[in-house]
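Numbering (the working numbering), first residue to last: 9 to 321.
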Amino acid sequence: SAALGYLEIVSIALQGTRTIEAWERSGHPYWKGLATVDNPLSDDQRFLRPSLLPGLLVAAGRAWPRANRELRLFEVGHVFRARDSAGDEGPLRSHDGMYVDNGVVEWPSLCGIAIFGSEDETGAIDRHLLAVKGDAERLVVELTGKMPETVPAARDYLHPMASGDLRLGGKTVAKFGRLHPRLANAYELPASAYAFMLYMEELPHVRPALPFSPLPRFPGTRRDIAVIIGLDVTAGDLMKAIFDARIDAFERVAAFDEYVGPQIASGKKSIALGIWLRRNDTTITDAQADTSVATAVAALRDKFGAELRGPAA
């Protein structure tokens with residue numbers, strides 16, 4: 009996280025009444041199943057933190073007035089819940105990476121927040137959200153060597169239309185999103201505040217060895233396309249379909265824009281994709297690139313009924 013421009017903080021693991029009151033000012037309920045402390049030294053040390061996010065929000069609220077229109081913070085530490093409580097994915101289950109003692113479940117966590125002084129008004133898509141999602145993806149890739157799948161997922165403390173999970177092998181390894189406006193306001197932060205959290209207990213303990221890949225000898229090319237699809241189709245669905253199509257000279261694909269509006273039929277949306285192509289034996293030609301892009305478009309049409317948007321359609 010530090011390499012991504014985030015500043016590390018360290019907060020105390022004990023929390024209490026003031027933490028709950030600050031959180032509940034937003035109208036959102038605080039976590040249930042807290043790991044309480046017998047004979048606490050004060051009312052603000054009554055339980056062990058169930059998440060790193062509240063502590064980061066307190067630190068951000070103090071630092072934001074002195075920030076230069078952008079603030080990025082992260083923390084790595086342990087979080088705690090009562091053994092019989094439930095988490096985001098249902099009842100907590102003790103497994104490798106989690107520790108149970110005296111009725112308390114403990115596990116490592118990483119949380120980051122990014123706050124921007126103004127809304128992103130350059131297009132229909134929230135590019136601040138994509139940047140924070142990219143930070144979370146990069147951490148997962150660095151720790152596992154694999155690119156996670158993005159799945160839309162709602163969290164009550166995140167914006168209902170701007171949150172999701174990162175999944176590997178069917179497991180949620182991270183969550184990300186824009187803070188719910190009421191939560192940001194409760195901590196006197198601007199509406200353009202974002203957070204991500206890594207499920208450290210779900211990550212492999214040893215990063216797999218990556219095969220050596222030499223630098224490319226020949227130049228590649230990038231082609232951008234925009235397709236019209238149903239609202240239920242995600243950018244991740246489109247990228248996976250292109251990856252699975254085994255396109256000639258394919259290198260990688262990334263979604264970079266989404267549009268819903270009067271230029272698109274009702275019940276539809278447009279997603280723009282960048283496709284990178286490269287040959288290992290020679291410089292790729294325009295004709296070869298055109299053929300590869302046509303294969304990608306055909307794959308999206310067959311699987312999702314996608315229509316190419318723009319003059320080339």
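Idealized CB from N, CA, C, for every residue including glycine.
Close Cβ partners of residue i (< 8 Å) along its chain, the five nearest in sequence each way excluded
| i | result |
| --- | --- |
| Leu118 | Ser9, Leu60, Phe82, Glu83, Val84, Leu147, Met205, Leu206, Met208 |
| Ala249 | Ala307, Leu308, Lys311, Phe312 |
| Phe251 | Phe258, Val261 |
Contact under 8 Å by Cβ, residue i with residue j
| i | j | result |
| --- | --- | --- |
| Phe226 | Thr291 | yes |
| Arg231 | Ala297 | yes |
| Ala262 | Gly244 | no |
| Tyr202 | Arg186 | yes |
| Leu138 | Pro156 | no |
| Asp256 | Ser300 | yes |
| Gly142 | Glu78 | no |
| Ile121 | Ser200 | no |
| Ala304 | Ala253 | yes |
| Arg317 | Ser274 | no |
| Glu196 | Gly69 | yes |
Outcome for residue i when other beta-carbon atoms lying within 10 angstroms are tallied against a minimum of 16
| i | result |
| --- | --- |
| Ile20 | exposed |
| Tyr107 | exposed |
| Gln23 | buried |
| Ala320 | For Ala320, the pLDDT reaches just 44, beneath the cut-off of 50, and the residue's location in the model is therefore unreliable, leaving the point undetermined. |
| Glu210 | buried |
| Thr158 | buried |
| Ser171 | buried |
| Met247 | buried |
Close-in-space but distant-in-sequence residues of the same chain around residue i (CB under 7 Å, 5 per side omitted)
| i | result |
| --- | --- |
| Thr44 | Arg54, Phe55 |
| Val241 | Phe312 |
For residue j and residue i, believed in contact at Cβ under 8 Å, the rounded distance
| i | j | result |
| --- | --- | --- |
| His188 | Ser50 | 29 Å between Cβ atoms; not a contact. |
| Val140 | Phe88 | So it is not a contact: roughly 26 Å between Cβ atoms. |
| Gly228 | Leu191 | Actually they are not in contact, since the Cβ atoms of Gly228 and Leu191 sit about 43 Å apart, beyond 8 Å. |
| Trp39 | Pro58 | 4 Å |
heavy atom of the ligand FMN below 7 Å from residue i C-beta
| i | result |
| --- | --- |
| Gly69 | Absence of the ligand FMN from the depicted structure is noted, as is the absence of any ligand whatsoever, leaving it without description. |
Sequence-distant residues of the same chain with beta carbon closer than 6 Å to residue i, five excluded per side
| i | result |
| --- | --- |
| Ala194 | Arg33, Ser34 |
| Ala90 | Gly41, Ala43 |
Residue ranges of each alpha helix (DSSP H) within the stretch 131-170, 4 or longer: You should have 135-152.
Secondary structure, alpha helix (DSSP H): runs of 4+ residues fully inside the stretch 169-231: 189-194
Length-filtered (3 minimum) beta strand (DSSP E) runs lying within the stretch 24-71: List check, beta strand (DSSP E) in window: nothing returned.
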